[in-house]
Each structure stands twice: as C-alpha cells, then as structure tokens.
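Numbering (the working numbering), first residue to last: 62 to 552. Where is the CB? At the ideal position from N, CA and C, for every residue including glycine. Shown next, in structure tokens, is the structure this report addresses.
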C-alpha cells in the first residue's frame, strides 16, 4: 500500500491534508468551505462526543436542542455579540424556489421574501437566552444547566478540514445562575473538564488560561481557554469557556425573583468545543506514516491480521483469532479481525498504521505452532512476541501504556518548546527559529498587543491561570509588567 504522505519536515500543511484524506477522516464537499466527515473520522468524533457528554452529565448538565435559524433582530440585542459575528453570518432571505420560465432550472421566487431575515446560527446565545426568559421566573428555576450538540455556520473565507470550515459540529453549553460567584465557578469548572478531557483522553497537554480583552468572546465579560501546541510549533485553541455576566440576561430581559421576592437579572455562561479537536488530535501526535491515535479515542484499538498460505492454515488461524477477539472484547477493548482475502498482510499492516490503530496482532503458521502472537505498537513501532495465553492480560495493560506514552511524548515536546524570554530580540529570534509557546512580559495594553501581532503574527494565547506575580518589563514597550503571558503563532 503506497501511503503517499508528505513528510512533516518538507511541508507540514500538506502532511496534515494528506493524513486527513488518506486516513479516510474527511473530504471536501460540493459546498465551498464545508466538509464531509467520513465514517472513520466520524467514529473518532463520536468517541469524543460520548466521553464529553458523560462528563457534562456527571456535573449536572442536560442536553436540549434549539433552532438552526436565529431571527436577525435577536443578534441586534447584544452589541458586542453582533459586532463579533456580523461578518461571518449566513443569511436566509427567501423561503421558496420556482422553475425559471426559460427552462434553465430553478430560481429564487422574488415574491417569497421573508419579512425578517433569518441567520443560520454562528452560535446560539441569542436564541437560547430568548427561550430562557420563558423558562426562568424564580430562584427555584436556577441553576439552569443546558448543553446542545449541534452544527453551526461561520462563513470563513479561508478554510481547512476540521480546523476551520464554514460549517462544523460542536457542543455549546449555556447556563444561567442566581449569583456571579456561581456563574464564575461554572465557567472555571467547564474549562477544567475540557482540560481533563484533552489530557486524559486526547493525550494532549494543554495550558489553561484567560484570554486578553481583545481576544475574548463577543459579548462575554471573561473568556477562558485551553491552548495546545502542535508539532509545527503553532498553538491551537482547543476549547473555550465564557463568563457572560448579565449581558445576555439584560439584552433579553431574563430576570428571576430571589428568595425575598426581589427581581434580579440572572448570570450566564457559555462554553464549547468543536470538531476542531479532530485537527488537534492529528497534529499533536501523528507522524510521517500516518495517524497516531491514543487508545481511548481509537475506534479500533486492536486489529488482528492473519498470515497463511493454505486453506488449512487459514481455518486454524481464523478459529484462534475469533477466540482472541471474543476474549479482548470481554475485556472492554474494540477489536477488528481483518480476514479479507483481497489484500495481502503487508498491505493491511500499512493501512492500519496509516489509520493509527494502537496495536496490531499478527498470527501466522509459526505462531500457531509455538502458541504465540506478534504484537506491534503504532506509537513506537516496537514489536513483541508473547504467548497466546497472555493476550487477555497483556493488551489492556498495553493500551494504558500507549495512552501514557503518547501523552508523555507530547508533554515533552511542549516542555522543549516553551521558552521564557526577556527582550524583544529574544522574542523574535525564538519565534522565527523554533516557534512554540513564548512566556513574556506584556504591559497589558491592547496597543502593544496589536503591534506585536502586526509585526510578528504572534498573538497572546492566554494569561495562564497558574501565572505567578513577577515584576518585569514588557518585551515590546519596556513598560512595567507583573506577570508573563503566553504568546504564539496560531491556527
């Protein structure tokens, strides 16, 4: 099997595109800027979705669904929100088509113009807060902890599969609370859930932090994020959690009567991750041979490939392979026995390596005689021969080892590419020579932030939550600063 994957060192962007397409994750759709997520890619997203949904429900959240369409007037109610999304909105203006009189096809019926245009949701704050006005009357109705799994549309001009598409899948949580403290605690709680998911399931280390004023979500008081480092030294925002204050409650007049009967505006949050996590997963771990998947998110954790020359060998190996499949599935592992006779074993080895299957078991005639199997790890390429009797105990332990190994490798890469600098010359030298996360003092002004971005294309990814006070001088302006922030070029 010829993989045809570009080397990362030669062209990282093409390497990424090659893996997405050749590993059967996604492809471009007939609609410009949109993608078709193929079954193998969607099965990884399902694993992400299932785990996140479990974590949300364990913290008291429930799922609901809200309309795809948002009345245009709703977006006008929160000034910062509409300003932030106006340039990305897809607008529905008519509700009917008709046949063209010249027989060339269908046209928009000019007589079917909507009285009010509808926006295809770029995010759902407005339609959800208009609903919460009807759902919330008393403190007894709070907190309201709602999550939605949905698709959204943001009319991106420059798109890239998974990382930035005009339509993408995501979850968006929207909660309402009786106090500021409770809403802030919710915002931080969800940030930590995202970080836990990224590190424990995606095997991807992240930095938790707060966005600068200019980088926060339109309509939020504060935006918190998890930032991950990709293998090309660029950052990727992997999830965000927003403290909305009372902005949307005031815009949509959502009040509650407290326990003394006094009317107060509720406090809100919103938070979300998207199919962008698929892009992060690919770029954080994969290599020049294809996808590398942490076992907790791999649709197929173990694949069994038989090697035989005669029908008699084939029958004996299949019988043993089916026993192993049953055994490993009883241990909770996802196993596939590839008994296709249309492809040779070497072709299958390359295919499953490309698709990132964490472990491969090969069984041949010699293995049957010796009572052994050969196990190959995708992450390191190491091969081990073990007794067939040990398979049931060995493979579950191996999954844990691989999961941990992938995380440690990514963590080591981030550690090696997190650099503290004190001068503007150091900042530019590190950024151009190796990239990565740069810890540097910043004077806290939007003016300096904009100038740094303009001159280097590096942005403030976050102000780390664990940042300690440290007196210093801004690397750009030389003005006083009391802590370092994370800069990087980013996706």
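- Between the alpha carbons of residue 383 and residue 398 lies a gap of roughly 8 Å.
- In the three-state DSSP reduction, residue 96 falls in the strand class (E or B).
- Looking at the backbone, the Cα of residue 278 and that of residue 445 are separated by about 50 Å.
- By alpha-carbon distance to residue 171, the top candidate from 298, 154 and 76 is 154.
- In the three-state reduction of the DSSP assignment, residue 509 falls in the helix class, which pools H, G and I.
- Taking C-beta separations shorter than 7 Å and ignoring five residues to either side along the sequence, the partners of residue 413 in its chain run 364 and 421, following chain order.
- Residue 206 and residue 167 have their C-alpha atoms spaced approximately 44 Å apart.
- Check the Cα spacing between residue 386 and each of 457, 297, 193 and 441: the tightest is with 457.
- The Cβ-Cβ distance between residue 129 and residue 181 falls below 9 Å.
- CA-to-CA, the gap between residue 506 and residue 455 works out to about 55 Å.
- Annotated as distal: residue 210 and residue 73, with beta-carbon spacing of 9 Å or more.
- The shortest CA-to-CA distance from residue 427 to any of 218, 246 and 369 is the one to 369.
- Closest in C-alpha terms to residue 525, from the list 288, 492 and 136, comes 288.
- In the DSSP annotation of this structure, the continuous segment of the alpha helix (DSSP H) that includes residue 380 starts and ends at 372-391.
- Positions of the alpha helix (DSSP H) runs, each at least 4 residues long and wholly inside the region 252-297, cannot be given because no such run exists.
- Fewer than three beta-carbon pairs drawn from the region 315-328 and the region 267-281 are found closer than 8 Å, and the two stretches are therefore not classed as touching.
- Of the candidates 123, 213, 159 and 118, the residue whose Cα lies closest to the Cα of residue 146 is 213.
- Burial of residue 338 is indicated by the presence of at least 16 other C-beta atoms within 10 angstroms of its C-beta.
- Taking 8 Å as the upper bound for CB-CB distance, residue 152 and residue 177 are not in contact here, some 11 Å apart.
- For residue 81, the secondary structure class from DSSP, reduced to helix, strand or coil, is helix.
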